[in-house]
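K.L.:
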Amino acid sequence: MAAPLGTGGFTEETGQEKQDTQEKDKAIPPERAEEAKLKAKYPNLGQKPGGSDFLMKRLQKGQKYFDSGDYNMAKAKMKNKQLPSAGPDKNLVTGDHIPTPQDLPQRKSSLVTSKLAG
Amino acid sequence: FLAGFGSLMQDVLWCFSQVKGTIDTGVTESDIISTVEFNHTGELLATGDKGGRVVIFQREQESKNQPHRRGEYNVYSTFQSHEPEFDYLKSLEIEEKINKIRWLPQQNAAYFLLSTNDKTVKLWKVSERDKRPEGYNLKDEDGRLRDPSMITVLRVPVLRPMDLMVEATPRRVFANAHTYHINSISVNSDYETYMSADDLRINLWNFEITNQSFNIVDIKPANMEELTEVITAAEFHPHHCNTFVYSSSKGTIRLCDMRTAALCDRHAKFFEEPEDPSNRSFFSEIISSISDVKFSHSGRYIMTRDYLTVKVWDLNMENRPIETYQVHDYLRSKLCSLYENDCIFDKFECVWNGSDSVIMTGSYNNFFRMFDRNTKRDVTLEASRENSKPRAILKPRKVCVGGKRRKDEISVDSLDFSKKILHTAWHPSENIIAVAATNNLYIFQDKVN
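As you go down the protein sequences, you meet chains U and G in turn. Counting in this note's numbering, the first sequence tops out at residue 118, every number present. Counting in this note's numbering, the second sequence tops out at residue 567, every number present.
As structure tokens, then:
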């Protein structure tokens, strides 16, 4: 049994929601409250609003760094110790970690037929 | 056929028609569908996936014996369009994921489509072969060469029928023209050219020429530290071959006319909705980033999708949209966690129906939304295996925002954010829609009486 189409996705509020909003108008708008939550968790978050950092990250997508010079020098320095390996997110290179050949994910093409065609 | 014509139209009841793909507890990354597109007649439906594969479905002829069953879509062809690559010079891994597929209008027996990953656009020809030549003189039926000294008579090879074979061949490869990642391709109404857009540049191609393209938009700043916005989507006008639009990460749309200059850095029109400064937050720019822009079939309007809304703009009015539809405004109070799990960067697409009277876009929890522009009514439906009995009518879904949750409603906190519907398509003239739910493709049709 089909129910009729719902009402207002078109920027209208029902009576109950209007009441809630009027109460909220005195409080902080939800976006600002969420922003405060985020800044509380990550106090060092960039001063500029979400913008350039994300753009640069977007442009850098796919970049994989492996410098054989750094790698060999780090190996020489460490001698007997193990080189620190990448954490679970192998794509994120941070701090003193030197990427190792094992960190670079294997590239393989999917020669299996799509399951949509099954 | 039924198409949503105005408010005189009875409410459309959407029914389940088909679902493609497997029910897996864990989804293989390469099976994730990344694009869905009907061709211009709606006879063919193409999907692209993260594994670089394209699957094309064809609608079966409607049968007089089963008038209640509208033509179903069956597999027509499948091929590997793109493979993973590594650019050693730039230390750049190039994904094989198909970002977009666009069909060319059919001009002969073969079908042509463009498919693109982050770096390379390819023109594929899909053609049928139902005859093969038999009776060669110099080779036998297995293809082995015959000993010429044993041949005493000559015969003329003849074409004999064979089982239908559908072949896909790459006819053109348009490579090495994009430093950044391609987000859009669009076939021009002249059917001779098309454009490809990446984060900072848009190139114009001629289908026949693969070693050159014209750069028509370049927003790369001289100093990359000054970068403030990127191109997020682009499309040609459906009728005017000199006009195109592109959207940005700042929520603006620029309309350009290629007749005015070779390099269209100066827009002819600039569409931007003024922002209320008191509402500004850390998230404002991120959620205003436009993830998709689509011309209406009429060419009079453009529709844009940002994180929380879909907007319709009249080409003649630049200072604000004429319509704004809330897709899932309840997410506004979840922005912190959506930022932490990266969902705030999800790129949803949007589509028009054939008559431009209804628009559709996806959401989370495998929900998708439709907005009727005339009646101002909207509906939330779900793509789910639970609703997958043939011709089962889809029940409208409702998200409960606070307080009391009714029996059928789902609360915001129970939504599954890993089930996102980013890609949908609407048949060009009928009420048939294709909805990509991660690794499954759902096809819904309106109820046939």
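All C-beta atoms, glycine included, are put in the ideal place defined by N, C-alpha and C.
Any idea which residues DSSP pairs Met478(G) with across the strands?
P.N.:
Start at 1 with the first residue of the second sequence, and residue 478(G) comes out as number 360. Answer is Val469(G) and Met488(G), bridged to Met478(G).
K.L.:
Could you tell me the distance, in whole angstroms, from the CA atom of Lys75(U) to the CA atom of Asp205(G)?
P.N.:
On the first sequence, position 75 is the one that residue 75(U) refers to. On the second sequence, position 87 is the one that residue 205(G) refers to. One C-alpha to the other measures close to 26 Å.
K.L.:
Do you know offhand how far Cys359(G)'s Cα is from Ser304(G)'s?
P.N.:
As a first step, residue 359(G) is located in the second sequence; it is residue number 241 there, counting from the start. As a first step, residue 304(G) is located in the second sequence; it is residue number 186 there, counting from the start. If you take the alpha carbons of Cys359(G) and Ser304(G), they lie about 11 Å apart.
K.L.:
With DSSP collapsed to three states, give me the class of Lys115(U).
P.N.:
Your numbering for residue 115(U) matches position 115 in the first sequence. Under the three-state reduction of DSSP output, Lys115(U) falls in the helix class.
K.L.:
Determine, using beta carbons only, whether Ile404(G) comes closer than 8 Å to chain U.
P.N.:
Numbered from its first residue, the second sequence carries residue 404(G) at position 286. Closer than 8 Å: yes.
K.L.:
Per DSSP, what kind of secondary structure is Gln22(U) in: helix, strand or coil?
P.N.:
If you number the first sequence from 1, residue 22(U) lands on position 22. Its pLDDT being 45, under 50, Gln22(U) is placed unreliably by the model, and nothing is read from it.
K.L.:
Hey, out of Tyr457(G), Asn558(G), Ile551(G) and Glu147(G), whose CA is closest to Lys39(U)'s CA?
P.N.:
The residue you call residue 39(U) lines up with position 39 of the first sequence. Nearest C-alpha to Lys39(U): Tyr457(G).
K.L.:
Taking just the CA atoms, how far does Asn483(G) sit from Ser473(G)?
P.N.:
Translated into positions along the second sequence, residue 473(G) becomes position 355. Translated into positions along the second sequence, residue 483(G) becomes position 365. So the alpha carbons of these two residues sit roughly 28 Å apart.
K.L.:
Can you tell me where the beta strand (DSSP E) with Asp432(G) in it begins and where it stops?
P.N.:
As a first step, residue 432(G) is located in the second sequence; it is residue number 314 there, counting from the start. Thr427 to Asp432 is the extent of the beta strand (DSSP E) around Asp432(G).
K.L.:
So, at 7 Å on beta carbons, what are the nonlocal neighbours of Ser529(G) in its own chain, with the 5 sequence-adjacent residues on each side left out?
P.N.:
By one-based count along the second sequence, residue 529(G) stands at place 411. When the five nearest sequence neighbours on each side are left out, the beta carbons in the same chain lying within less than 7 Å of the beta carbon of Ser529(G) are those of Cys518 and Arg523, in order along the chain.
K.L.:
Just the Cα atoms here: how many angstroms apart are Lys243(G) and Glu285(G)?
P.N.:
Against the second sequence, residue 243(G) aligns to sequence position 125. Against the second sequence, residue 285(G) aligns to sequence position 167. Rounded to the nearest angstrom, the two C-alpha atoms are 8 Å apart.
K.L.:
Which residues in the same chain have their Cβ closer than 6 Å to the Cβ of Lys138(G), if we skip the five residues on either side of it in sequence?
P.N.:
Your numbering for residue 138(G) matches position 20 in the second sequence. Cβ neighbours of Lys138(G) beyond the five flanking positions: Leu559.
K.L.:
With the cut-off set at 8 Å, would you say Asp167(G) and Ile141(G) are in Cβ contact?
P.N.:
Along the second sequence, read from residue 1 onward, the residue named residue 167(G) stands at position 49. Along the second sequence, read from residue 1 onward, the residue named residue 141(G) stands at position 23. No, they are not a contact pair.
K.L.:
If Ser199(G) sits next to Gly160(G), beta carbons under 8 Å apart, how far is it from one beta carbon to the other, in whole angstroms?
P.N.:
Numbered from its first residue, the second sequence carries residue 199(G) at position 81. Numbered from its first residue, the second sequence carries residue 160(G) at position 42. Actually they do not touch by this definition, with Cβ atoms about 22 Å apart.
K.L.:
Just the chain G side, please: which residues come within less than 9 Å of Gly118(U) by C-beta, in chain order?
P.N.:
On the first sequence, position 118 is the one that residue 118(U) refers to. Going along chain G in sequence order, the residues near Gly118(U) (Cβ under 9 Å) are Lys138, Gly139, Thr140 and Val193.
K.L.:
Nearest by alpha-carbon distance to Pro288(G): which of Cys374(G), Thr238(G) and Pro546(G) is it?
P.N.:
Counting from 1 along the second sequence, the entry for residue 288(G) is found at position 170. Nearest Cα to Pro288(G) within the set Cys374(G), Thr238(G) and Pro546(G): Thr238(G).
K.L.:
What are the boundary residues of the alpha helix (DSSP H) that includes Leu38(U)?
P.N.:
Residue numbering aside, residue 38(U) sits at position 38 when the first sequence is read from its first letter. Run containing Leu38(U): Pro30 to Lys41, per the alpha helix (DSSP H) assignment.
K.L.:
What's the call for Gly369(G), buried or exposed, on a 16-neighbour Cβ count within 10 Å?
P.N.:
Your numbering for residue 369(G) matches position 251 in the second sequence. Per the 10 Å Cβ criterion, buried.
K.L.:
Closer than 8 Å is the cut-off here; do at least three beta carbon pairs connect the stretch 322-329 of chain G with the stretch 430-440 of chain G?
P.N.:
At 8 Å Cβ cutoff, the stretches do not touch.
K.L.:
Report the residues of the stretch 397-423 of chain G with a CB closer than 7 Å to any CB of chain U, ordered along the chain.
P.N.:
Asn397, Ser399, Phe400, Phe401, Ser402, Glu403 and Ile404
K.L.:
In the DSSP assignment, what residue or residues form a beta bridge with Gln136(G)?
P.N.:
Residue mapping note: residue 136(G) aligns to position 18 of the second sequence, counting from 1. DSSP output for Gln136(G) lists Ile561(G) as bridge partner(s).
K.L.:
If you run the structure through DSSP and keep just helix, strand and coil, what is Asp248(G)?
P.N.:
Within the second sequence, residue 248(G) is the residue found at index 130, counting from 1. The answer is strand: DSSP assigns Asp248(G) an E or B state.
K.L.:
Quick one, are the C-beta atoms of Arg290(G) and Leu241(G) less than 8 Å apart?
P.N.:
Within the second sequence, residue 290(G) is the residue found at index 172, counting from 1. Within the second sequence, residue 241(G) is the residue found at index 123, counting from 1. Taking 8 Å as the Cβ cut-off, Arg290(G) and Leu241(G) qualify as a contacting pair.
K.L.:
Closest to Ser572(G) by CA distance: which of His296(G), Met268(G), Val430(G) and Ser367(G) is it?
P.N.:
Outside the displayed range of chain G (119 to 567) lies residue 572(G), so it cannot be described from this structure.
K.L.:
Quick one: list the residues of chain U neighbouring Val173(G), beta-carbon separation under 7 Å, in chain order.
P.N.:
In the second sequence, counting from the first residue as 1, residue 173(G) sits at position 55. Residues of chain U whose Cβ lies closer than 7 Å to the Cβ of Val173(G) are, in chain order, Ser114, Leu116 and Ala117.
K.L.:
If you compare alpha carbons, which of Val271(G), Arg372(G) and Pro275(G) is closest to Lys252(G)?
P.N.:
Mapped onto the second sequence, residue 252(G) falls at position 134. The residue you asked about is not Lys; residue 252(G) is Glu in the sequence shown. Residue Pro275(G) is the option with its Cα nearest to Glu252(G).
K.L.:
Beta-carbon within less than 8 Å of Ala351(G)'s beta-carbon, same chain only, minus the 5 sequence neighbours each way: which residues are those?
P.N.:
Here residue 351(G) refers to the residue found at position 233 of the second sequence. Contacts found: Asn301, Ser302, Ala315, Tyr364, Ser365, Ile408, Ser409, Asp410 and Val411.
K.L.:
On a CA-only basis, which of Thr346(G), Leu433(G) and Asp496(G) is nearest Ser416(G)? Give me that one, please.
P.N.:
What you label residue 416(G) is simply residue 298 of the second sequence in a count that begins at 1. Closest by alpha carbon: Leu433(G).
K.L.:
Span of the beta strand (DSSP E) holding Leu322(G)?
P.N.:
For the purposes of this step, residue 322(G) is identified with residue 204 of the second sequence, where counting begins at 1. It spans Arg319 to Asn324 - the beta strand (DSSP E) in which Leu322(G) sits, taken as one unbroken run.
K.L.:
In whole angstroms, give me the CA-to-CA distance for Lys115(U) and Gly520(G).
P.N.:
Mapped onto the first sequence, residue 115(U) falls at position 115. Mapped onto the second sequence, residue 520(G) falls at position 402. Computed Cα separation, rounded: 40 Å.
K.L.:
Is His355(G) buried or exposed, if buried means 16 or more other CB atoms sit within 10 Å of its CB?
P.N.:
The sequence position of residue 355(G) within the second sequence is 237, counting from 1. When all chains shown are included, His355(G) counts as buried.
K.L.:
Is there at least one Cβ from chain U nearer than 8 Å to Asp432(G)'s Cβ?
P.N.:
By one-based count along the second sequence, residue 432(G) stands at place 314. False, the Cβ-Cβ gap to chain U never drops below 8 Å.
K.L.:
Using the beta-carbon of each residue, which ones in chain U are nearer than 8 Å to Asp167(G)?
P.N.:
Stepping through the second sequence from its first residue, residue 167(G) is reached at position 49. Those are Ser114 and Leu116, listed as they occur along chain U.
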